[in-house]
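Here the structure is laid out as structure tokens; the discussion comes afterwards.
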Amino acid sequence: MSKPTWAGWWAARSHVCQIAQLLVLLLAPRALADRLTVNPDTQLSLDFQVPGMTPCILLPEKAYDPEACAGVPQEKKVPPASHGGSVRALVFLQQPGHVFIFTLVSIQRPGIGQMYDRHIQGFIQGTLKNLSQEFGAPMQAGGDAGKEYTLERENGVPVARWEYTTKLPDSDPRTNTANAVVYLIPSRDTLDILSVSTRRQDLEAARFVGEQVISTLQLPLTIDADTFGGDMTYAVWWAVGRVLVPLVLVLVAAGWIGWRYLKARGR
């Protein structure tokens, strides 16, 4: 007695499902291994593996690879924590003719992650002012369609993206790292700031590389995602101002490290 047609179809379907489950088991460990937890406090994780580029991870220390970071010794090359800001990650992504410096700074304050539109605007303007004073050169912010920043969702997490350029003379070595794409990643009591620093002429490429990394973001959501970047009739300026100092110090320190890295690589 032959089996009905549906029985053969069901057996084939079960076989396909078993193969799919096996592939998931084989591939999942690699995916988890590639993603790096950069802030243990919030469980923020990112994958810095970008096709065609070699990552040099100085921070977190557990991911440091001397071979990948040839020419950049890890010791005494990492900017220290200061003024309430903690440097969680420092990663160089390189390919022939291009170097992109990823810096992640974590600021912890009660309720700091619930930023409204005016908070974000105030943060950007204050940061530009402080960076302009530090570099001694005019700064300019830019975004999509002339906006100061752009709100986007990455795996359910609201992220504010903006960028800046610095008008330094080409003879100034800091021009190699004085331009950046910046991402504000909020948790309830933590604000993680990821910047991708590079040369002015490489800023478009930095946008592409930054999107590749930020698209891998994983973070347990602890705020009201719909109100992040929303309207508010007043701004808590003191909360905005308190996060500026550590960001400026770290960006300048990361730029100095990047300049020494480029010099060591003979660029």
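Heads up: the sequence shown begins at 30 in my numbering, then just goes up one per residue.
Built from N, CA and C at the ideal position, the CB exists for glycine as well.
SER161 (DSSP reduced to helix, strand or coil): helix
Exposed unless 16 or more other CB atoms sit within 10 angstroms - verdict on ASN68: buried
With 16 other Cβ atoms within 10 Å as the buried cut-off, status of LEU122: buried
Expected contact under 8 Å - CB spacing of VAL134 and PRO84 to nearest Å: That pair is no contact at about 19 Å.
Distance between beta carbons of SER226 and PRO153, contact taken as under 8 Å: Note on residue identity: the sequence assigns Ile, not Pro, to residue 153. Contact doesn't hold; Cβ gap of about 16 Å is too wide.
Backbone secondary structure at ILE136 - three-state DSSP: strand
Own chain residues within Cβ distance below 8 Å of LEU197, not counting five before or after: PHE164, ALA166, ARG203, THR204 and ALA207
Per-residue burial, LEU250 [other beta carbons within 10 Å of its own, 16 or more giving buried]: exposed
Terminal residues of the alpha helix (DSSP H) in which VAL242 lies: 232-243
Same chain, Cβ closer than 6 Å to LEU248, five either side skipped, listed in chain order: LEU73 and VAL186
9 Å Cβ cutoff, GLN169 in contact with chain D: Chain labels in this structure do not include chain D; a single protein chain is all it has.
Counted within 10 angstroms of its Cβ, other Cβ atoms place SER244 as buried (16 or more) or exposed: exposed
Rounded C-alpha distance that separates THR156 from THR132: 15 Å
Reference PRO139; option with closest CA among THR256, MET168 and LEU220: LEU220
DSSP-derived helix/strand/coil call for ALA92: helix
For PHE77 and TYR178, the rounded distance between their alpha carbons: 23 Å
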